[in-house]
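Counting with mature numbering (1 follows the signal peptide of the UniProt record, and there is no 0), you get residues -22 to -1, 1 to 694 for the letters of the sequence shown. Every residue gets a Cβ at the ideal spot worked out from N, C-alpha and C, and that includes glycine. Read through the structure below, which is laid out as structure tokens, and then see the notes.
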Amino acid sequence: MSIIPVPFLVCILILQLSSVNAKDLSLETYIVHVDVPDSQLLSEQSQDLESWYGSFWPTTPASSTETPRMVYSYRNVFSGFAAKLTSEEVKAMQGKKGFISARPQQVMQLHTTHTPNFLGLHQNAGLWKDSNYGKGIVIGNLDTGIFPDHPSFSDEGMPPHQLNGRGRDGTPLDHEGHGTHAASTAAGNFVRGANVFGNANGTAVGIAPLAHLAIYKVCSVECRESDILAAMDTAIEDGVDVLSISFGGYPREFHEDIALGAFSAMQKGIFVSCSAGNNGPFTLSLSNEAPWILTVGASTIDRTLRATAVLGSKLELNGESAFQPKALPQAQLPLVYPGIIGSDFSSNYCDQESLNRTGVEGKIVLCYIDTRTTKIEQGRKVKDAGGVGIILMNSLEEGFTTSADAHVIPATSINYEDGEKIMAYMNSTSAPTATIVFKGTIIGDKRAPTVAAFSSRGPSYIRSGIVKPDIIGPGVNILAAWPNSVENKTNSRNTFNLISGTSVSCPHLSGVAALIKSAHPGWSPAAIKSAIMTTADTVNLENQPIQDEKHLPADIFAAGAGHVNAAKASDPGLIYDIEPQDYIPYLCGMNYTSREVTKIFLRRVNCSEVTVIPGGQLNYPSFAVRFGSSDQTFTRTVTNVGEDNSSYTVEVVSPQSLNTTVNPRTLNFSKVNQKLTYEVSFSVPVNGGDVSVLQGYVLWKSAKHSVRSPVVAYYF
């Protein structure tokens, strides 16, 4: 996708304003808020409004040659204007009737689905600048297709694509929305005014907006493996640089899975990013576990679309909803819970029969979230039954992870703890009441990022000796392109939606990989993965350890190496590289047969002639240690991609019961691309005692870089 001309025009405007400032350094742009008198309504003629605003200006007339100092007159967003003023003129305004306030304008960065900014990507700086926004990279998106007429996929200003292929027969049109959302998340263009029902408003942009997209429609109602592998085959032939795959199935052996196609892609230098799955928070629930795949879990961001449930007891409980009408018909309404009346399981989830039996007309209905359907459909059923609002409660497993959906009825989704408070309130009174107050978009949740409840968890079912997932990235309430209007608008192509899932976090990482590939075209897929993992954040915005859906410290099987930090990933200092042939002793060591390894490599392999290695010996940027074997030693080779003459010293953090030693403790590099090897020895308890998992990390630090590898000891 390309950067459309709008940002360039904004830059020109700023330069013009700067030239005005150069003439009179005392002038500064202020945002001025004023009252509108009863006789001057916003609906009246604009010239009258201009006159009212003009009444606040200095009495001394401007010369005819002076550049106009009114920048904007606002009519809809608020009552006021932006103007170039001196501080003395602002002081003079303060004494005038109707004046409210004036402040110097803020200099703001572009906002999107908000996630590029959250990941440390800023226009004309850092990784976006270094990678030229992913220019020259092709991201192959395997999904439900695309809605190509969406403004997120404008190709204005794009260089010619470098694909070997010329397209195939069949329509790539997306009738589901999933593929359009994923594609625009990875490489969507800048689109102003992106929002859902006015919420999460800003400029939408993908992670790598100058990368090309190659679309492979492999899913409609179902995603068939034959179609998927055929698409991967075609994508390899087409010469894509990154494959983004936001789906998966049950764990299967690497020779019986799309891991086959991913391995072939990796051999051709193609980076493969896959979603971890939405079967969390349960252990052993991962998809796409192969070590040559980046397995991506989901996290929250610091933005919420707040919808507050206010109970008759005055207790206020914050939830979320994308649909935020002005207000409910009255302050408090009767609150009912069909689960109290019905004894059957479905009553808790407000099935149609329980709604009819309860009598919900004119009432707010309390329901548990039903994972067998959508929250929007639950609200639709309540609306059809005559209800005027719905409060959706998380289960214990869903914890504090809430979603903002484009409901058809006033609604809020609340966490499990607050749901329990509502239940307690309803049990304390014979006439419970509630209302829902909508508070719009709130940015600055300091707990973010947290691991989403639905994000699948490790350890690897295949017992590969590899820590999975690899990384977590934004995957909750993400705004991106959608093929149709969830607001039922018929005259706009500027349509967006908020959805959640690891299928949303995956294209974020695909975009990050595209940026790194553009900045470092010679790096292998393993090197790019290493850079992403070893620079990941392990603390939240409060500088506390990243938490899970229960607000407890997230373990490695939930968060992997941590939360992606795109700004750091392009300059990791050291990388752990893996050549394709390095997987032969690894796979043979997993007791795969020669035939099975041959299937993966597409060339004959005889495991009896191979010196096999345990899984922990693969040159991976993490360490998996096995309970039951007292001493385990692994080697790692790191490549210096930082500066010449750089020195790294090791820091080890591990539980006392997991004695860890590193040799040597200092790595001295004389030049870039130099490789050095170190050895890590673990003295492991015969069993974990009362602890099933022990975790820590190995950290190599230089004057500029910190290269962190997670360590976990468990049964496998």
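Sequence-distant residues of its chain with Cβ nearer than 6 Å to residue i (five each side left out)
i: F535; result: R435, G436 and P437
i: K507; result: L272
i: L120; result: Y194, V196, A209 and I223
i: S647; result: According to the sequence displayed, residue 647 carries Phe and not Ser. Closer than 6 Å at Cβ, skipping near neighbours: N618 and S624.
i: V288; result: E294, T413 and V415
i: T655; result: T613 and T615
i: T390; result: A285, A287, G297, S299, I369 and I414
i: A243; result: I214, L221 and V250
i: Q72; result: none
i: K649; result: D622
i: V658; result: F612 and V640
Selected residue, minimal CA-CA separation from residue i, among the options
i: V218; options: I236, S508, Y194 and P229; result: Y194
i: I524; options: V542, K507 and I510; result: V542
i: D560; options: L552, K546 and V575; result: V575
i: N475; options: G540, S659, L487 and V454; result: V454
i: C484; options: H683, S325, S162 and V619; result: S162
i: N651; options: T615, P503, A164 and W30; result: T615
i: R493; options: A547, W270, M568 and N472; result: For the record, residue 493 in the displayed sequence is Leu; it is not Arg. Among A547, W270, M568 and N472, the Cα nearest to that of L493 belongs to A547.
i: A544; options: G118, Y570 and K495; result: K495
i: residue 696; options: P259, F175 and L283; result: With the chain covering only -22 through 694, there is no way to say anything about residue 696.
i: M568; options: L580, L596 and L552; result: L596
i: G365; options: T181, N584, R350 and V386; result: V386
i: A305; options: R281, P410 and G418; result: G418
i: Y228; options: L191, A243 and A268; result: A268
i: E134; options: S242, L188 and E331; result: L188
i: F601; options: I117, V590 and S442; result: S442
i: S470; options: T7, N173, M48 and K74; result: N173
i: F660; options: N637, K682 and L677; result: N637
i: L238; options: K682, V676 and P558; result: P558
i: I279; options: K246, S65, T93 and V343; result: T93
i: P531; options: S109, I318, T336 and P427; result: P427
i: G620; options: F579, A681 and G538; result: A681
Residue environment, residue i, which counts as buried when at least 16 other CB atoms sit within 10 Å
i: H128; result: buried
i: A(-1); result: Legend: pLDDT at A(-1) = 36, less than 50; position of this residue unreliable, value from coordinates given subsequently. Label assigned to A(-1): exposed.
i: E234; result: exposed
i: E67; result: buried
i: V631; result: exposed
i: V199; result: exposed
i: H156; result: buried
i: E298; result: buried
i: D26; result: exposed
i: H190; result: buried
i: G500; result: exposed
i: D322; result: exposed
i: N177; result: buried
i: G593; result: buried
i: V482; result: buried
i: G58; result: buried
i: N521; result: exposed
i: I78; result: exposed
i: N102; result: exposed
i: V685; result: buried
Rounded Cβ spacing between residue i and residue j (contact assumed at less than 8 Å)
i: P461; j: T513; result: About 35 Å separates the two Cβ atoms, so there is no contact after all.
i: residue 697; j: L5; result: Examination of residue 697 is not possible in this model, given that the chain is present from -22 through 694 alone.
i: I185; j: L221; result: With a Cβ gap of about 15 Å, I185 and L221 do not count as contacting.
i: I440; j: A504; result: Not quite, the Cβ-Cβ distance comes to about 19 Å (not below 8 Å), so this is no contact.
i: Q610; j: V662; result: 6 Å
i: A240; j: T480; result: With 8 Å as the limit, A240 and T480 do not qualify as a contact, their Cβ atoms being about 16 Å apart.
i: I392; j: N372; result: 7 Å
i: S478; j: I450; result: 13 Å between Cβ atoms; not a contact.
i: N472; j: V169; result: 7 Å
Same chain only: Cβ atoms within 8 Å of residue i, ignoring 5 sequence neighbours per side
i: T644; result: S625, Y626, T627 and V628
i: Q356; result: Y327, C328, C345, I347, D348, I368 and L370
i: I420; result: R281, T282, L283 and R284
i: S42; result: Here the model assigns S42 a pLDDT of 44, short of 50, so the residue's position is not dependable and the matter cannot be decided.
Residues near residue i in its chain [Cβ-Cβ closer than 7 Å; skip 5 each side]
i: K679; result: Y626, T627 and E629
i: A431; result: G258, P259, E375, E376, G377, T379 and E527
i: T158; result: I124, F125, H128, D152, A459, W460 and P461
i: S488; result: I117, A164, V220, S222 and S251
i: P563; result: V588, T589, V590 and I591
Which residue spans inside the stretch 331 to 399 form an unbroken alpha helix (DSSP H) run of at least 4?
-> Complete alpha helix (DSSP H) runs here, min 4: 353 to 362.
What are the complete beta strand (DSSP E) segments, minimum 3 residues, inside the stretch 144 to 211?
-> 169 to 174, 177 to 182 and 190 to 195
Go through the stretch 437 to 477 residue by residue and report every complete run of the beta strand (DSSP E) that reaches 3 residues or more, in order.
-> 449 to 452, 456 to 459 and 474 to 477, all fully within the stretch 437 to 477.
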